[in-house]
Amino acid sequence: MKIRNSLKSLKNRHRDNRVIRRRGRTYVINKTVRKFKARQG
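Pasting the structure below:
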């Protein structure tokens with residue numbers, strides 16, 4: 377899990393990346409390639 381300021385660039389790295397808001401934090405998760413995980417805030 378990476379902690380980043382900008383998640384927009386990470387979202388574009390793979391076509392299955394999803395931006396999800398949970399508990400006031402923003403996450404990028406990917407169900408097929410699990411190494412693409414990031415959090416903001």
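Residue numbers (this note's numbering): 377 to 417. Beta carbons are placed, not taken as given, at the ideal position from N, Cα and C, and that holds for glycine. Just so it is clear, the structure is predicted and the values come from calculations on it, not from any experiment.
Linking residue 404 to residue 390 through their CA atoms gives a straight-line distance of about 11 Å. When beta bridges are read from the DSSP output, residue 394 appears opposite 405. Cβ-Cβ separation between residue 402 and residue 383: approximately 6 Å, consistent with a contact (criterion under 8 Å). Assigned with DSSP and collapsed to three states, residue 378 falls in strand. A Cβ-Cβ distance of about 7 Å is found for the pair residue 381 and residue 416, placing them in contact under the 8 Å criterion.
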